[in-house]
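First the structure, in the form of structure tokens, and then the observations on it.
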Amino acid sequence: MSTALKSEEYRETRRELDGWPINITSYRVGDKWYCSIDNVSPGARFARAEGSTRAEAEATALEKAGRYLKQTRRFPTDV
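In this text, residue positions in the sequence shown follow this note's numbering: the first is 1128, and each later residue adds one.
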């Protein structure tokens, strides 16, 4: 008999971080929470974290994402 673990309490949230639109995905597997953050378009994941609570996992991933986004150069666009 297999005891496969499955994700539970899945949540996906969109928000803005330092002027960038991001998608925050968090879920629980067993006793551990996981969070990943991607840029909305094209959807590339650039920060991940885990923790004992959803809040802890999301806070750690958001802190990492903030550091990465501060290093990203933006070029002005003339439309």
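Glycine residues also receive a C-beta, built at the ideal position from the N, C-alpha and C atoms.
Could you work out which residue in the options is closest to residue i when comparing CA atoms only?
{"i": "ARG1201", "options": "ARG1194, ILE1151, TRP1147, THR1140", "result": "TRP1147"}
{"i": "GLU1166", "options": "LEU1196, THR1204, LEU1132", "result": "Residue 1166 is actually Asn in this sequence, not Glu. Residue LEU1196 is the option with its Cα nearest to ASN1166."}
{"i": "GLU1190", "options": "THR1199, ILE1164, SER1179", "result": "ILE1164"}
{"i": "GLN1198", "options": "VAL1156, GLY1170, ALA1182, ASP1145", "result": "ASP1145"}
{"i": "GLY1170", "options": "GLY1157, LYS1133, ARG1141, SER1179", "result": "ARG1141"}
Kindly identify the DSSP beta-bridge partner or partners of residue i.
{"i": "TYR1154", "result": "TYR1161"}
{"i": "PRO1148", "result": "GLU1143"}
Taking a contact to mean a Cβ-Cβ separation below 8 Å, would you say residue i touches residue j in this structure?
{"i": "LYS1159", "j": "GLU1139", "result": "no"}
{"i": "CYS1162", "j": "SER1168", "result": "no"}
{"i": "ALA1186", "j": "ALA1174", "result": "no"}
{"i": "VAL1156", "j": "SER1134", "result": "yes"}
Apart from the five residues on each side of it in sequence, which residues of its chain come closer than 8 Å, Cβ to Cβ, to residue i?
{"i": "GLU1143", "result": "ILE1149"}
Output needed for residue i: all residues of its chain with C-beta closer than 6 Å, excluding positions within five of it in sequence on either side, in chain order.
{"i": "TYR1137", "result": "TYR1154"}
If I measure Cβ to Cβ from residue i and keep anything under 7 Å in the same chain, skipping five residues before and after, which residues do I get?
{"i": "ALA1131", "result": "none"}
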